[in-house]
Amino acid sequence: MEVQERLNEVVSRIRISEKAAHRPEQAVALVAVSKTFDADAIRPVIAAGQRVFGENRVQEAQGKWPALRLETPDIELHLIGPLQSNKAADAVALFDVIETIDREKIARAVSAEMKRQGRNLRLYVQVNTGLEPQKAGIAPEEAVAFVNLCRGDLAMNIEGLMCIPPVDENPGPHFALLAKLAATCGLDKLSMGMSGDFETAIAFGATSVRVGSAIFGSR
């Protein structure tokens with residue numbers, strides 16, 4: 056199957072899932088996860104009409120997206136991998152959305168860089184819903200206070216929450232927890248769901264899903 060067919064199939068599955076969940080059409084945005092794929096692999100997905108992409112690493116994204124954005128200026132680029140404070144300046148310069156704000160040090164570094172560069176990125180707080188020690192994200196019980204710190208003290212544009220459920224667990228309860236935390240915070244954006252579980256995420260209220268292998272193929 057060609058990449059355009061795979062993209063169309065994913066979009067079709069998203070629309071079917073929206074309808075099944077009694078949600079408006081196009082309530083869910085697709086973030087095409089292009090990590091590890093080079094510019095030549097990404098161009099056909101752009102040519103097929105996709106405009107929102109996600110990358111895990113700042114340095115990798117720097118190697119391909121500046122040139123791709125010269126070709127297609129209306130690309131929206133999301134950072135969906137962990138951010139180190141020493142990469143905050145580069146991340147703020149390159150990305151439109153950072154989905155992985157998960158601790159005060161990162162929040163302060165990103166806030167300072169946005170002020171310095173005159174950029175106002177859209178931001179998500181990543182929540183470690185499974186409390187996995189190897190995974191980034193703030194603990195669920197700390198999420199509300201952290202969102203309040205970011206929005207209040209740091210005047211950051213936190214628009215939603217993001218999570219990556221444990222691979223060996225039913226994702227539904229994790230998506231439900233994220234939705235509950237977002238409602239408590241007064242946030243209406245939920246970045247949750249990947250190639251294997253995005254239809255479940257849509258049923259639980261995802262407003263964006265991050266899909267890579269179902270579009271680009273296996274890495």
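When the letters of the sequence shown are read in order and numbered with this note's numbering, they come out as residues 56 to 274. Glycine included, every Cβ here is placed at the ideal spot set by N, Cα and C. Being a predicted model, the structure only gives us computed values, none of them experimental.
Contact between the stretch 234-252 and the stretch 204-219 is present: three or more C-beta pairs spanning the two stretches fall below 8 Å. The same chain holds no residue with a CB closer than 6 Å to that of glutamate 224 once the five nearest residues on each side in sequence are set aside.
For glutamate 126, the closest C-alpha among the options Asn141, Val152, Pro99, Pro228 is that of Pro99. About 5 Å separates the beta carbon of valine 182 from that of alanine 198, a gap short enough to meet the 8 Å contact definition. The DSSP assignment places 159-172, 195-207 as complete runs of the alpha helix (DSSP H) inside the stretch 149-214, in order along the chain (cut-off: 4 residues). Counting along the chain, serine 263 sits inside the beta strand (DSSP E) bounded by residues 263-266.
Here the C-alpha atom of arginine 112 lies approximately 12 Å from the C-alpha atom of alanine 143. A Cβ-Cβ distance of about 15 Å is found for the pair glutamine 114 and valine 147, leaving them out of contact under the 8 Å criterion. Each residue's CA atom was taken as its position, placing alanine 76 and serine 67 some 14 Å apart. Within the stretch 98-150, the runs of alpha helix (DSSP H) at least 4 residues long that lie entirely inside it are, in chain order, 113-117, 120-126, 143-149. In this structure, alanine 258 sits away from serine 140, with a CB-CB distance that is not shorter than 8 Å.
Taking C-beta atoms as the reference points, valine 202 and valine 83 fail to come closer than 8 Å. Nearest to alanine 103 by alpha-carbon distance, out of Leu236, His229, Ala87, Gln189, is Ala87. The beta-bridge partner set that DSSP reports for lysine 244 consists of Gly215.
With respect to the 8 Å criterion, serine 273 and serine 250 are not classified as neighbours on the basis of their beta carbons.
DSSP places valine 88 inside the beta strand (DSSP E), whose first and last residues are 84-88. Burial check for glutamate 196: the Cβ neighbour count within 10 Å stays below 16, so the residue is exposed.
Cα atoms of proline 137 and methionine 169: separation of roughly 18 Å, rounded to the nearest angstrom. Taken through DSSP and simplified to helix, strand or coil, histidine 229 comes out as helix. Membership of threonine 91 in any alpha helix (DSSP H) is not indicated, and neither H nor E is assigned to it by DSSP.
Cβ contact annotation for isoleucine 156 (same chain, cutoff 8 Å, sequence separation greater than five): Leu138, Ala162, Val165, Leu178, Tyr179, Val180, Gln181, Cys205, Met211, Ile213, in chain order.
Counting along the chain, serine 67 sits inside the alpha helix (DSSP H) bounded by residues 58-75. Contact check for leucine 176 and isoleucine 153: beta-carbon distance about 6 Å, within the 8 Å limit, so the pair qualifies.
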